[in-house]
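First residue of the sequence shown: 1, per the numbering used here; consecutive thereafter.
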Amino acid sequence: MQVNPSRFLLPAMLAALAACNTPTSTTPDGGPSTTVSRDEVWFEDVAAQLGVDHVAACGNLDKNHILETLGSGVAIADYDNDGDQDFYLATAQTSDDWLAGNRPRANALYRNEGEGRFVEVAAEAGVDLAAWSLGAYFVDYDNDGDKDLFVTTWGPNVLYVNNGDGTFSDGTAAAGLAGSDSWSAGAAFGDLDLDGDLDLYVTNYAHYSLVDPPHGGAKITWRGLRVLMGPIGLDGQADRLYRNDGDGTFTDVTDAAGIDAPEPHYGLGVVLSDLDGDGDPDIFVANDSMANFLWRNDGGLRFEDVSLAAGVATNQRATEQAGMGVDAGDYDGDGLFDLVVTNFSHDFNTLHRNRGNLLFRDTTFEAKFADSYSYLVWGVKFVDYDLDGWLDAFMSNGHTYSILMRNKQADTTYKQVNSIYRNRRDGTFEPRGAAAGPGLEVVECTRGLAVGDLDGNGAPDFIATNIDATPTILMNRGAHGARWLHVALRGTRSNRDGVGARVELTADGRTQSREVNPFGSYLSQSSYDVMFGLGRSSVADRLVVRWPSGIVDELEAVAAGRRVTIVEGQGLAGTSE
């Protein structure tokens, strides 16, 4: 379907009127708490205006199985190479349909037509997968210059190969990824062995049957309510690591690589990042209700779990948490990549500050990051949403216990507002809530989260997936006075999209450090562009790209307000305003 572009762009008068309103901060269900002023940068949910009506089912509405609570994700990328960002939405099925052998719900692909028009083309493109889908990830795994698509499911995962003409073909078997029948969740691609192509890490959760649920579907008492069990007591499944063989195929090297946890964990979020600064990506996994993993990359595709010694297996109280989503980013501007892990309600999200030498400190409370107690948090992204040159944080929220819709005994809710934290540039964050606009007052049961510039104005936008509802698409309004620069990479010796490259931008005497790291968050994948905010600076004095191959490209006096492409070893390839 096509949409009138006038519905996509807010009239200036409407924006001005909205900015004059005085919103209130909110409780998890969006109820009023305290009065706050509207920020200059704010967000509006435009899913309805765009005509995005895809509903992400996940089991029955009663949510009597843990399988029905994990939700599904979203992937953002320019899959057709026309210069703008498209997106793919995953969905599961209702349990009743599944048990009856029906698969009426398919994943959706929205192609960006420009000027505010998005068209749903999944069937036309050959990616209308009807399964119990969870994660969605665009990736150029074969280095041919276009984005392929990987989907994790409760069941066999699927790899679609981009044919280069707007269509995809199922390449799962040919790539050596068929045969697995796990409950897979998160996935991340990265060049773990530095051979120029992208390897694959997949987190797996547990063995589960709707017909014969573990413990007979027994329930437990939580805060006076009878709720579903899980995951403790379930038969966990081991994660898998696949080496890209460079010929379009993968080989399972989990055991040979040392990914040998003493017992299967309940893996959800995963992010690859060079956390020790030695030039190769390490692997951090957020595990549900068990200790997290930090697989240090020792070279030669060998890994060792150093999570306990590094201080990221648990929080500062040595408590194992219900890790959901994860991201890596340099929030304090010291050049080291920190970690954030989201968790269950009546606990706190955990911020791990990187102190160097692969040692972290839990700074959740001192960074004023601990207001998440009533929220159950899933997706998370470090992103400079106000373009001031400092990484902020966005989080997607929603509970697992549907009984909360009918019972208000607990001090939380099933459907919740999402959270946004503004970086105060002093090592602390400030929650903005409703001050960040009506888009942060949307109340849904949210799961997946990805970021990208959907309308091409330079400001980061967000897509959040909601269980049993259409997605929330948050357009960034009001950041127009700040300068920005987007950097896209094209590898020659390194992988084609430069995944894992370190990009450093210096403006007005301060250096920002980023990685090309579109994975992380929860069941989702974000834009491959590295998005920098420059505040009031009109030029990046210096731009440095440190490629996985070891090649370093340096540029000077790069004008702001555009998207630039840097070719490995060659410098600027072209720009777009």
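Backbone N, C-alpha and C fix where the C-beta goes; we use that ideal spot for every residue, glycine too.
Owing to the predicted nature of the structure, the values given are computational and were not obtained by experimental measurement.
query, result
"C-beta atoms of Leu449 and Ala464 nearer than 7 Å", "yes"
"Inter-residue Cα distance where the pair is Leu50 and Ala459", "18 Å"
"Cutoff 8 Å; reference Glu579; Cβ partners in own chain excluding five residues on either side", "This structure gives no information on residue 579, because the portion of the chain shown stretches from 1 to 577."
"Whole-angstrom C-beta distance between Asp191 and Asp181, which should lie under 8 Å", "28 Å between Cβ atoms; not a contact."
"First through last residue of the alpha helix (DSSP H) which encompasses Ser578", "This structure leaves residue 578 out entirely; the chain is present only between 1 and 577."
"Span of the beta strand (DSSP E) around Trp98", "It is not in any beta strand (DSSP E) - Trp98 instead sits in the alpha helix (DSSP H) that spans 95-99."
"Reduced DSSP category for Gln85 - H, G, I as helix; E, B as strand; rest coil", "coil"
"Top-ranked residue by Cα proximity to Ile566, from Gln316, Ala501, Gly59", "Ala501"
"DSSP beta-bridge partners of Asn423", "Phe429"
"Assigned exposure category for Gln512 - 16 Cβ within 10 Å defines buried", "buried"
"Candidates Ala136, His352, Asp239, Lys63, of which the one nearest Gly217 by Cα", "Lys63"
"Buried or exposed by the 16-neighbour rule on C-beta atoms within 10 Å, applied to Val202", "buried"
"Inter-residue spacing [alpha-carbon to alpha-carbon] between Phe344 and Asp553", "42 Å"
"Boundaries of the beta strand (DSSP E) in which Gln512 is found, first to last residue", "510-515"
"Spatially closest choice to Ile283 from Trp154, Phe519, Ala482, Val544, by CA coordinates", "Phe519"
"At least 3 beta-carbon pairs within less than 8 Å: the region 478-485 vs the region 227-241", "no"
"Best match in Asp371, Asp247, Asp276 for proximity to Thr350 [C-alpha to C-alpha]", "Asp371"
"Collapsed DSSP secondary structure at Pro11 in the structure displayed", "In this prediction, Pro11 scores a pLDDT of 34, lower than 50, which makes its location untrustworthy; no coordinate-derived value is stated."
"Element boundaries [alpha helix (DSSP H), containing Glu124]", "122-125"
"Proximity below 7 Å, CB of Ala122 to CB of Ala108", "yes"
"Continuous beta strand (DSSP E) assignments of at least 3 residues falling wholly in the region 118-170", "133-139, 148-153, 158-162, 168-170"
"Beta-carbon proximity list for Met475, same chain, < 6 Å, skipping 5 on both sides", "Glu44, Val46, Asp461"
"Beta-carbon proximity check, Asp288 vs Tyr266, cutoff 7 Å", "yes"
"Whole-angstrom distance between Arg546 and Gly277, CA atom to CA atom", "12 Å"
"Ile66 beta carbon less than 7 Å from that of Ser527", "no"
"Continuous alpha helix (DSSP H) stretch holding Ala47: start and end", "47-50"
"Residue burial classification, Asp260 (beta-carbon count within 10 angstroms, cutoff 16)", "exposed"
"Three-state secondary structure (DSSP) of Met405", "helix"
"Proximity winner among Asp84, Arg111, Gly135, Val161, relative to Gly73 (alpha-carbon distances)", "Gly135"
"Opposing strand residues paired with Trp222 [DSSP bridges]", "Leu225"
"Continuous beta strand (DSSP E) stretch holding Leu555: start and end", "552-559"
"In DSSP terms, what Val368 is bridged to", "One point to set straight first is that residue 368 is Lys, not Val, in the sequence displayed. DSSP output for Lys368 lists no bridge partner at all."
"DSSP state of Thr465 mapped onto helix, strand, coil", "strand"
"Cα-Cα separation between Gly452 and Gln85, rounded to whole angstroms", "7 Å"
"Euclidean distance between Cα positions of Thr428 and Met405", "34 Å"
"Euclidean distance between Cα positions of Phe128 and Leu159", "Strictly speaking, residue 128 in this sequence is Asp, with Phe absent from that position. Cα-Cα distance, rounded: 13 Å."
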